[in-house]
Amino acid sequence: MGHDARMASIGFLGVGTISEAVVRAMCARPGMSDDIVLSPRSDDRSRRLASDFVQCTRLDSNQEVIDASEIVVLAMRPQQLDEAIRGLNFRRGQIVASFIAGTPPSDIGPLVAPAGPVSQIIPLPAITLHRGPLVISPAVPQVVEAFAGLGDVVTLEDEATVRTLSCASAIMSTYYEMQNALIQWITAQGIDEETASLYVRSELEGLAAVGKVTPEEQRRGLPGEHQTRGGLNERVRERLLREGWFDTLVETMDQVHRTATLR
Ligand SMILES: NC(=O)c1ccc[n+]([C@@H]2O[C@H](COP(=O)([O-])OP(=O)(O)OC[C@H]3O[C@@H](n4cnc5c(N)ncnc54)[C@H](OP(=O)(O)O)[C@@H]3O)[C@@H](O)[C@H]2O)c1
């Protein structure tokens, strides 16, 4: 597909799982008019996105994506990065947004010189619903603007702190494990799975929604507000507190934070 000489706003190098989620979310935003250019890899995903959205154009090479973009998004896996950008020419002043986990902007900078500034971005799967946190570090204004409306933008100026929130995002699979454990327990009591599943997923969705809109000064009180003395909630929470559930969670986070090597 041809692409005119006009500067595109944002170009993706690597069109995998996370790029597809982000591009679809961007294109579904109300008022979205930015041009998006895509690298030819992944072949099937980039072709599909280009045919699904008028804003998206698939180009023939990574260099063409760089040449056409004001903001270049690095969206390959960490171990694919060096090979993907070897021999490519970035422009001075070109903005780079990196999805590469565990690799701070100060490590990306020399690889994309003379481009810069470089911002790290952590998209999570809920971005497809325009929900959840989106970490941007540091808050380069053009990057914040390009990703606005995809969730709750959380900016961090000190790149060393990104690691902390990356570790905090490692609660996702545990959350769904808890969801499944509750559903399984209900079905073991003889209730059909469809009913159990609707009940639990709706309950958790309601809790998350209340948790999100509760004013910050009332947040710490939420556990107490959701139990009555001697009631079922109190019995469950007290037992889990006594057994060290939440201490184990914090210790596990500490351990992951100390030992995680992501690239
Ligand atoms: N998945 C998540 O939830 C998530 C969340 C936060 C951050 N991240 C980060 O986002 C990045 C992408 O993750 P992902 O899950 O989307 O991975 P993925 O699905 O494997 O996507 C990687 C993409 O990079 C492409 N690619 C590989 N080598 C390339 C090259 N030389 N030139 C151009 N494109 C190339 C691949 O194309 P081919 O298919 O043709 O090989 C594929 O389209 C990773 O760095 C990861 O750390 C992911």
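Heads up, the sequence shown is in our numbering, so the first residue is -8 and it goes up one at a time. Quick reminder that beta carbons are idealized off the backbone N, C-alpha and C, glycines included.
For residue i and residue j, which I take to be in contact (beta-carbon distance under 8 angstroms), what is that distance rounded to the nearest angstrom?
{"i": "VAL145", "j": "VAL131", "result": "14 angstroms between Cβ atoms; not a contact."}
{"i": "THR94", "j": "PRO124", "result": "Contact doesn't hold; Cβ gap of about 19 angstroms is too wide."}
{"i": "SER188", "j": "ILE174", "result": "5 angstroms"}
{"i": "ILE86", "j": "PRO108", "result": "6 angstroms"}
With DSSP as the reference, identify every bridge partner of residue i, one or two as the case may be.
{"i": "PRO124", "result": "ASP143"}
{"i": "VAL64", "result": "PHE3 and ALA88"}
{"i": "ARG49", "result": "LEU29"}
{"i": "ILE113", "result": "VAL126"}
Compare the beta carbon distance of residue i and residue j with 7 angstroms and say whether it is the shorter of the two.
{"i": "SER33", "j": "VAL56", "result": "no"}
{"i": "ILE112", "j": "ALA88", "result": "yes"}
{"i": "ILE118", "j": "ALA200", "result": "no"}
{"i": "VAL191", "j": "GLN170", "result": "yes"}
{"i": "GLU280", "j": "PRO96", "result": "A question about residue 280 goes unanswered here, because the residues of the chain that appear run from -8 up to 254."}
{"i": "ALA66", "j": "PHE90", "result": "yes"}
{"i": "ALA59", "j": "GLY2", "result": "yes"}
{"i": "VAL6", "j": "SER37", "result": "yes"}
{"i": "PRO105", "j": "ARG83", "result": "yes"}
{"i": "THR48", "j": "VAL28", "result": "yes"}
{"i": "GLY140", "j": "ARG20", "result": "yes"}
{"i": "GLU61", "j": "SER0", "result": "yes"}
Quick check on this structure: which residue in the options has the alpha carbon closest to the alpha carbon of residue i?
{"i": "PHE44", "options": "GLN54, ASP26 and ILE99", "result": "ASP26"}
{"i": "ILE162", "options": "THR186, LEU115, PHE138 and GLU150", "result": "LEU115"}
{"i": "GLY22", "options": "ASN53, GLN175, GLN46 and ASP35", "result": "GLN46"}
{"i": "VAL134", "options": "LEU120, SER110 and ASP143", "result": "SER110"}
{"i": "GLN71", "options": "GLN85, ILE86, VAL63 and ALA92", "result": "ALA92"}
{"i": "THR165", "options": "VAL153, ARG220 and TRP236", "result": "TRP236"}
{"i": "HIS121", "options": "GLU229, GLU225, CYS18 and ILE177", "result": "CYS18"}
{"i": "VAL103", "options": "VAL153, GLY181, LEU4 and ALA179", "result": "LEU4"}
{"i": "ASP143", "options": "THR239, ALA172 and VAL204", "result": "VAL204"}
{"i": "TYR167", "options": "THR178, THR186 and LEU195", "result": "LEU195"}
{"i": "LEU198", "options": "GLU184, GLU185 and GLU216", "result": "GLU216"}
Should residue i be counted as a contact of ligand 3 given a C-beta to heavy atom distance under 6 angstroms?
{"i": "ILE127", "result": "Of the ligands one can find in the structure shown, namely ligand 1, none is ligand 3."}
Inset, instruction - Could you tell me whether the stretch 146 to 164 touches the stretch 229 to 249, where touching means 3 or more Cβ pairs closer than 8 angstroms? - result: These segments touch.
Inset, instruction - Take every Cβ of the stretch 129 to 143, pair it with every Cβ of the stretch 210 to 218, and state whether three or more of those distances are shorter than 8 angstroms. - result: Cβ pair count under 8 angstroms is below three, so no.
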